[in-house]
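Worksheet: the structure to be examined is printed underneath.
In our numbering, the protein residues as written are 16 to 100.
Next comes the structure, spelled out in structure tokens:
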């Protein structure tokens, strides 16, 4: 079970609804520890629920959101890109 929860695909599937769905994601990037997302409608993003999994969530502006996910941020971003781009 632990290995399943470490899967980037599972993390992506869990996060997508909390981000307003696939159709709400405009752009996906990452840096060393952050998943950087541009969204169409920030009001569809459930930051309180995301914080249950990733406590550091920061709204940069009306369309940009950063989630500190750890050192595998690039792997998670790559998985997100498979779903949304």
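Even glycine gets a Cβ: it sits at the ideal position worked out from N, Cα and C.
With fewer than 16 other Cβ atoms inside 10 Å of its own Cβ, residue 37 counts as exposed. Collapsing the DSSP output to three states places residue 42 in a strand. A Cβ-Cβ separation of about 10 Å leaves residue 49 out of contact with residue 72 under the 8 Å criterion. Residue 50: member of the beta strand (DSSP E) spanning 49-54, first to last residue.
Residue burial annotation: residue 75 is exposed, with fewer than 16 other C-beta atoms found within 10 angstroms of its C-beta. Here residue 75 carries a coil assignment [DSSP, helix/strand/coil].
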